[in-house]
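Just below is one structure, and these are the notes that go with it.
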Amino acid sequence: MSAVPLTIHPYSSFSLSRVWTLATNTVTQLLRMRILWFLLVFSLIAVGAGFAFPAMSPEQQLKLLKDVAFGALQIFSIVVAIAATALLLPRDLEDRTLYTILSKPVPRYEYLFGKLLGVLLLIGGGLLVMDVIFSGVVWLKQSFIIADQIAALEHEQQASPENVAAVKAIISKYGLTISLHAGVWAVFLKAAVISALALLISCFASSTLFTIVITFGFTIAGHGQQLARDWFLHKHLTAGWEKGLSAIIAVVCPDLGAFDLVEPAIRGDVISSAALLSVTGLAALYIVGYTTVAYLFFVEKEL
Amino acid sequence: MSEAAATTPLQPAVTVENFSKVFKGTLSRKPVLAVRELSFNVQAGEVYGLIGPNGCGKSTTMKAMLGLLKPTLGKATIFGRDSESVASRQDVGFLPENPYFYKHLTGRETLHFYGKLCGLRGSELKDRMATMLDLVGLKNAADRRVGGYSKGMLQRIGLAQAMIQDPRLLILDEPTAGVDPAGSRRIRDLIIELKERGITIVVTSHLLEQMQEVCDRVGIMSQGRMVREGRLEDLISVENQTEIILENASAETLSKIRELVGQDAAAKLVSLGKPRTTLERLFLESTIQTGEGE
Chain A
3 MSAVPLTIHP YSSFSLSRVW TLATNTVTQL LRMRILWFLL VFSLIAVGAG
53 FAFPAMSPEQ QLKLLKDVAF GALQIFSIVV AIAATALLLP RDLEDRTLYT
103 ILSKPVPRYE YLFGKLLGVL LLIGGGLLVM DVIFSGVVWL KQSFIIADQI
153 AALEHEQQAS PENVAAVKAI ISKYGLTISL HAGVWAVFLK AAVISALALL
203 ISCFASSTLF TIVITFGFTI AGHGQQLARD WFLHKHLTAG WEKGLSAIIA
253 VVCPDLGAFD LVEPAIRGDV ISSAALLSVT GLAALYIVGY TTVAYLFFVE
303 KEL
Chain B
-16 MSEAAATTPL QPAVTVENFS KVFKGTLSRK PVLAVRELSF NVQAGEVYGL
34 IGPNGCGKST TMKAMLGLLK PTLGKATIFG RDSESVASRQ DVGFLPENPY
84 FYKHLTGRET LHFYGKLCGL RGSELKDRMA TMLDLVGLKN AADRRVGGYS
134 KGMLQRIGLA QAMIQDPRLL ILDEPTAGVD PAGSRRIRDL IIELKERGIT
184 IVVTSHLLEQ MQEVCDRVGI MSQGRMVREG RLEDLISVEN QTEIILENAS
234 AETLSKIREL VGQDAAAKLV SLGKPRTTLE RLFLESTIQT GEGE
């Protein structure tokens, strides 16, 4: 036992240190659950896609590579966002770990925030690693294609500096560009919104499975939310209650289509910083909104 | 020990005032009145035992003391602070019944996690973790994952996490549940040691013999109510009987005692014989396994 009194800092209603402790513990928990096996699967898909489709045109080869890799990225981020978040709170409750955490000087909002931050750190870290692998594969593929094209021009004795520059410019547009990273950022934002939604649902759900199923349903609906909103609000509904109901659906169900910057990234289009800022702001709004409502449920939860 | 909320000597460590708890019903379930109009105080430095059959409201009362659930009526305070305020938990360590911790963490990492949540840092936290692991006899198992711990080891790591910030109050819900007699005795000894250090302890257990050994006062609950409460000695002593235990007494001495009793018209010899050891003591004397790093 300690003979000297411990230095316990006076209680403060918000402590970044406590939040960080909860977040890093969540990351460790998920890492030790081997959730990042997805990364290995992704790497194999990305490398495999890099050397597939040799019969296509160079632009199509690069587009398909990005298409497949972005698909894997989205699946990774959405699955981790739903499964990891849905596992956390119900499991802590079932295992009674929550009792020992909340019987320490930890406010409930810090617990929620720490858990969410942990999942976001994991998804963010995973996407960062994937982005690096993805960029490496795209760059390699692009370099091989440019070298092949230049070799073909030389073979045809048409390798003038202008022609070589034109080939490089065309191939590079479909290769590694800043838009690719912007696309990955948008994938992260979408996953962050889905995580916050899963956290909200897990605050009142009765089981992990229920949370996963409902969040998955909202995720699917969220991708078509814009279509539904347009249909409800502008064309067919006239009564106030109908509009009110559709407005509620629009608020509750996130507009995940708004985060789809992947298509322009695959096409090699430039994604403006205004567009990026706009989706980042939208994601922040959803995350703050969902987390606040999650807290309102959680603070009333009897343990 | 935490210096927050310095208390006057008369201030109780715990007060529960007129506490009632109704769990709301659902469509298929009626509301349940778990605790009704419960009031008691625990003085600083005291070991208070809350006993009663399963479902009598002990755990609900403990949860209310920890702010884990809200009273329907009444309130609880911890060293003068409302138990619903998060700050009150700086002074409290809690060991839930059958605790589970993060299986992915080792014993040492578990203490590190809870220590950080309590605001401990650096070398101080490291020293404290080492002290706690030593105290609960888990030094040799500190780097094993908690998922592989036995029930007794889980209770002991639970006790270590409850004490990590050196709280003034410990709330222990069935601390010896599922633990073998040796482990159970260790926990009992630990409670006695903590009591000697002036730590207030509120404990529940079905092992009444052990409760009798450690508690200063007890409250007996039944169907959500406090049915008996007071100093243990007062509650269990049989006022009209006297116990004399003799060692190496000869048959002649015993005969004289019988004679003396016979001369008193009001006195009656209720029993005379050899006192028996307890099964627990016999078990502990016959086995040598300590439970250290099981």
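If you read the sequences in order, they're chains A and B. According to the working numbering, the first sequence is numbered sequentially starting from 3. According to the working numbering, the second sequence is numbered sequentially starting from -16. Even glycine gets a Cβ: it sits at the ideal position worked out from N, Cα and C. Since the structure is predicted, the reported quantities are computational estimates derived from the model, not experimental observations.
- Chain A places no beta carbon closer than 8 Å to that of Gly28/B, leaving this residue out of the contacts.
- Using a CB distance below 7 Å, the part of the region 101 to 133 of chain B facing chain A consists of Cys101, Gly102, Leu103, Glu107, Arg111, Thr114 and Leu118, ordered along the chain.
- With contacts defined by Cβ atoms closer than 8 Å, Leu78/B and Gly141/B form a contacting pair.
- Contacts between Ala143/B and chain A, judged by CB atoms closer than 8 Å, are missing: the closest CB pair is about 11 Å apart.
- Across the structure, Leu95/A and Ser14/A are spaced so that their CA atoms are roughly 25 Å apart.
- Pairing Ile173/A with Glu156/A, the inter-Cα distance amounts to about 17 Å.
- Taking the beta carbon of Thr179/A as reference, no residue of chain B falls within 8 Å; the closest one sits roughly 40 Å away.
- If you draw a straight line from the Cα of Thr102/A to the Cα of Ile222/A, it is about 36 Å long.
- Residue pairing for Asn1/B: DSSP places it in no beta bridge.
- Within its own chain, the residues whose Cβ lies closer than 8 Å to the Cβ of Leu191/B, once the five positions on either side in sequence are excluded, are Ile34, listed in chain order.
- If you look at Ser208/A, you'll find it isn't in any alpha helix (DSSP H); DSSP assigns it neither H nor E.
- DSSP places Asn223/B outside both helix and strand once states are collapsed to three, so it counts as coil.
- Minimum Cα-Cα distance from Trp141/A among the listed residues Ala168/A, Ala252/A, Leu119/A and Tyr176/A corresponds to Tyr176/A.
- Against chain A, the beta carbon of Arg72/B has neighbours under 9 Å at Tyr13, Leu104, Ser105, Lys106, Pro107 and Val108, listed in chain order.
- C-alpha of His183/A to C-alpha of Ile135/A: approximately 12 Å in a straight line.
- Residue pairing from DSSP places Arg128/B in a beta bridge opposite Thr89/B.
- Sequence-distant Cβ neighbours of Gly98/B in its own chain, meaning closer than 8 Å and more than five residues away, are Leu108, Arg111, Met112, Ile147 and Gln148.
- Cβ atoms of Leu51/B and Leu33/A stay farther apart than 8 Å, at about 29 Å.
- The DSSP-derived three-state label of Leu153/B is strand.
- Neighbourhood of Asp97/A in chain B, by CB distance below 7 Å: Tyr83, in chain order.
- Interface with chain A (8 Å Cβ-Cβ cutoff): Lys41/B is excluded.
- Neighbours of Leu8/A in chain B, taken as residues whose beta carbon is under 7 Å from its own, are Leu103, Glu107, Arg111, Gln148 and Asp149 in chain order.
- For Gly57/B, the three-state secondary structure derived from DSSP is strand.
- Around the beta-carbon of Phe96/B, 16 or more other beta-carbon atoms lie within 10 Å, marking it buried.
- Around the CB of Trp39/A, fewer than 16 other CB atoms lie within 10 Å, so the residue is classed as exposed.
- For the pair Val121/A and Thr87/A, the CB atoms are nearer than the 8 Å cut-off.
- Under the Cβ criterion (8 Å, minimum of three pairs), the region 105 to 116 of chain A does not count as touching the region 76 to 84 of chain A.
- Exposed is the label assigned to Gly181/B, since fewer than 16 other Cβ atoms lie within 10 Å of its Cβ.
- Exposure of Leu287/A is indicated by the presence of fewer than 16 other C-beta atoms within 10 angstroms of its C-beta.
- Proximity of Tyr31/B to chain A, defined by a Cβ-Cβ separation below 8 Å, is not satisfied.
- When DSSP states are grouped into helix, strand and coil, Val75/B belongs to the strand group.
- Take Arg91/B, set aside five residues on each side of it, and the residues of its chain with a beta-carbon closer than 8 Å to its own are Met112, Leu116, Ala125 and Asp126, in chain order.
- Thr23, Leu24, Asn27, Thr30, Gln31, Arg34 and Met35: these are the residues of the region 21 to 36 of chain A whose beta carbon lies less than 8 Å from some beta carbon of chain B, given in chain order.
- Taking a contact as a CB-CB distance under 8 Å, the pair Gly38/B and Phe2/B does not count as one, their CB atoms being some 17 Å apart.
- Residues of chain B whose Cβ lies closer than 9 Å to the Cβ of Leu119/A do not exist; the shortest such Cβ separation is about 15 Å.
- Under the three-state reduction of DSSP, Asp65/B is assigned to strand.
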